[in-house]
Amino acid sequence: MRFVRFDQGHLGLLTNDGIVDLTDRLGLGTDDPLVEYINGDYDASEYVDAEPDYDGREVDIKSPVKRPGKVIAAPLNYENHIEEAIADKDITTDEWFSIEDKGYFLKAPSSVVGPDHGIELPFDDRRVDHEIELAFVMGEDTKDVDSDEAWNSIFGYTILLDISVRGDQDRSNRKSYDTFTVVGPSVVTPDEIDDPQGLDMQLDLNGETRQDANTSDMVYTCADIVQYASIGATLEVGDIVTTGTPEGVSELNDGDIVEAEIESVGSMTVDVTQRDLSFADVNVQKGGQ
Numbered sequence: 577m578r579f580v581r582f583d584q585g586h587l588g589l590l591t592n593d594g595i596v597d598l599t600d601r602l603g604l605g606t607d608d609p610l611v612e613y614i615n616g617d618y619d620a621s622e623y624v625d626a627e628p629d630y631d632g633r634e635v636d637i638k639s640p641v642k643r644p645g646k647v648i649a650a651p652l653n654y655e656n657h658i659e660e661a662i663a664d665k666d667i668t669t670d671e672w673f674s675i676e677d678k679g680y681f682l683k684a685p686s687s688v689v690g691p692d693h694g695i696e697l698p699f700d701d702r703r704v705d706h707e708i709e710l711a712f713v714m715g716e717d718t719k720d721v722d723s724d725e726a727w728n729s730i731f732g733y734t735i736l737l738d739i740s741v742r743g744d745q746d747r748s749n750r751k752s753y754d755t756f757t758v759v760g761p762s763v764v765t766p767d768e769i770d771d772p773q774g775l776d777m778q779l780d781l782n783g784e785t786r787q788d789a790n791t792s793d794m795v796y797t798c799a800d801i802v803q804y805a806s807i808g809a810t811l812e813v814g815d816i817v818t819t820g821t822p823e824g825v826s827e828l829n830d831g832d833i834v835e836a837e838i839e840s841v842g843s844m845t846v847d848v849t850q851r852d853l854s855f856a857d858v859n860v861q862k863g864g865q
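For the sequence shown, my numbering gives the first residue as 577, with consecutive numbering after it.
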């Protein structure tokens, strides 16, 4: 099944013909209905063949999870992106490192938006890049799990754009601006995907392919990341975990159009706009002076 959150917090099933609204059918609330669905005794399978209530083009597609408790991200998890980052110091000022070396990092939950919201660049004098990633939503609270069992903790898979300001600031800072975690358009349950570690993924910027890879190229698998993350913190229902990006990251600018697609997971088109603010003019002083 493919779950989508849309308009004023409705939860639906995304089908080839449109969206089947589950909100009234299942008696769901509109705060964070996917998390409510996962936590509750609900079954949407009887509605997979129902007549759609909406055309997908007529609604506002939100992030599947409104406000995850955590967004856990894997750094430099594709060999070719590691090589790219080492060659281009604008991407990272660090030497090569992996999850084993420095662990995962966190993104602010407030940075999460859906594809129809778009990306807002905060500064006109800082490089901001796109990064396409396979992500997933946790389906149960998970702690100290072995990688072989970690797959059972995943509710479903989605596309995530990890938008990143380049520079010397802490990684979580540079990647946590509002709109910097674009998730969607839906969450696809594991039964719809033959092998999450064998999916083609592609990102086009203004019609030109920039990132083109396969999830088989990950250094650490989805399950490996769950295992590692669950040692330090309990992964909770609705948490979003993202798995790193392949090579081909490049700069975003005002007016750009990003098209992202992952095999068996879906596709989304995201607009980019620019705020009229210069990083050089931001004046942060001690004591609020």
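Note that the Cβ used here is the ideal one computed from N, Cα and C, for glycine as well.
- Annotation: Val741 to Glu627 spans about 43 angstroms, alpha carbon to alpha carbon.
- Rounded to the nearest whole angstrom, the C-alpha separation of Leu853 and Asp832 is 18 angstroms.
- When only Cα atoms are considered, Asp744 and Lys719 end up about 33 angstroms apart.
- Membership of Asn790 in the beta strand (DSSP E) is indicated by the continuous run 784 to 790.
- Counting the other Cβ atoms within 10 Å of the Cβ of Ile739 gives 16 or more, which makes it buried.
- Take Ser806, set aside five residues on each side of it, and the residues of its chain with a beta-carbon closer than 7 angstroms to its own are Thr718, Lys719, Asp720, Val721, in chain order.
- Cβ neighbours of Gln778 within its own chain (closer than 7 angstroms, five residues either side excluded): Thr785, Gln787, Asp788, Glu837.
- For Thr849, the secondary structure class from DSSP, reduced to helix, strand or coil, is strand.
- Going by C-alpha positions, Ser840 is about 15 angstroms away from Leu589.
- For Glu768, the number of other beta carbons within 10 angstroms of its own is below 16, and it is reported as exposed.
- By the CB criterion at 8 angstroms, Val758 and Val689 fall inside the cutoff.
- Between the alpha carbons of Gly616 and Tyr623 lies a distance of about 17 angstroms.
- Just so you know, the alpha carbons of Gly842 and Thr791 end up roughly 14 angstroms apart.
- Only residues of its own chain outside the window of five on either side were considered, and among them Arg643, Pro644, Gly645, Lys646, Val647 have a CB closer than 8 angstroms to the CB of Pro685, listed in chain order.
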